[in-house]
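Enquirer: In case it helps, our numbering puts the sequence shown at residues 165 to 366.
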Amino acid sequence: MALELDPGRCALIIQDMQNASLTEGGAFSTPESRAHHAEQNLEANINRLADRCRGLGIPVLHVWFIVEPGSPGFKVNAGLFEAVASSGSLDRGTWGAEPSPATAPKEGDFIIEKMRMSAFHDTRLDTMLKGFGRDTLILSGVLTNMAMSHTARTGADLGYYVVFPEDASGSFDGEWHRVAVDYALQNVSTVTDTDAVLAALG
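(1) Counting only the same chain and skipping the five closest in sequence on each side, list residues whose C-beta sits under 8 angstroms from that of Arg256.
(2) Touch check for the region 279 to 286 and the region 310 to 324: three-plus C-beta pairs under 8 angstroms?
(3) DSSP puts Met255 in a beta bridge; with which residues?
(4) Pair every Cβ in the region 302 to 316 with every Cβ in the region 348 to 360, then say whether three or more of these pairs are closer than 8 angstroms.
(5) Drop a sphere of 10 angstroms on the beta-carbon of Met312, count the other beta-carbons inside from all chains shown, and report buried for 16 or more, exposed for fewer.
(6) Would you mind stating whether Pro223 and Leu293 have Cβ atoms separated by less than 9 angstroms?
(7) Along the chain, where does the alpha helix (DSSP H) that runs through Ser197 open and close?
(8) Run through the DSSP bridge pairs and tell me what Ser333 is partnered with.
(9) Kindly indicate which residue of Arg298, Phe336 and Arg342 has the alpha-carbon position closest to the one of Arg173.
(10) Which whole-angstrom value is the C-beta distance of Gly334 and Gln204, which I expect to be below 8 angstroms?
(11) State buried or exposed for Ala344, treating a residue as buried only when at least 16 other CB atoms are found within 10 Å of its CB.
(12) Could you check whether Val306 and His226 sit closer than 9 angstroms to each other, using their CB atoms as the reference points?
(13) Alpha carbons only, please: which of Ala268, Gly295, Asp346 and Ile302 is nearest the one belonging to Tyr325?
(14) Does any C-beta atom of chain B lie closer than 9 angstroms to the C-beta of Ser235?
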């Protein structure tokens, strides 16, 4: 059955597309992850989605993981958060926290900052989506098995219809990505691909 989307109900989320995770030299970027992202055509697919959404007046929201220098007020209660704090790679004003140039925001896009995995946790995302009158999320970015899965689950719990074009997401490598898609995201989102989303948007 073909995917059907009403552009007037959609919003595009582009999550954690920052140098720390994507670019050579980033604290969480490895040869394996960069090869996987290239196989996914990750940046190109995100840009295809973003360009179509902008053209249709669909809100494009970039979600970035940002902590203050030295991590004041940043709760370090898990290994992932320890890595963020100890590396300083997502400190405000650092190269690692900056958006990857290939998918950087354009005029009219919106920026959401977070300090947890889910794009919804203690952020203004839900408030903005309600303000826009949007209840369908097109979810893209990294990492499939972490931030993407957390955001999809939270979105589903909040009553959003979550659409996951899996070739517009990436992880540490293809195996991590596939496990997250097959055993987590299938249950809380409609897993599809970029071409199908573009066709559904018209």
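We put the beta carbon where it would ideally sit given N, CA and C, even for glycine.
Expert: According to the structure data:
(1) Taken in chain order, the residues that qualify are Ile230, Val231, Glu232 and Pro233.
(2) Yes: at least three Cβ pairs fall under 8 angstroms.
(3) The identity of residue 255 in the sequence shown is Asp, whereas the question assumes Met. Answer by DSSP bridge pairing, in chain order: Val231.
(4) Using a C-beta cut-off of 8 angstroms, the region 302 to 316 makes contact with the region 348 to 360, since at least three inter-stretch Cβ pairs fall below that distance.
(5) When all chains shown are included, Met312 counts as buried.
(6) Against a cut-off of 9 angstroms, the Cβ pair of Leu293 and Pro223 comes out as a contact.
(7) Element bounds for Ser197: Pro195 to Gln204.
(8) In DSSP, Ser333 forms a bridge with Gly305.
(9) Comparing Cα-Cα distances from Arg173 to each of Arg298, Phe336 and Arg342, the minimum goes to Arg298.
(10) Cβ atoms of Gly334 and Gln204 come within 8 angstroms of each other, at about 5 angstroms.
(11) In this structure Ala344 is buried. Its beta-carbon is surrounded by 16 or more other beta-carbon atoms within 10 angstroms.
(12) Taking 9 angstroms as the Cβ cut-off, His226 and Val306 do not qualify as a contacting pair.
(13) With distances taken between Cα atoms, Tyr325 lies closest to Ile302.
(14) You won't find chain B in this structure, because it holds only one protein chain.
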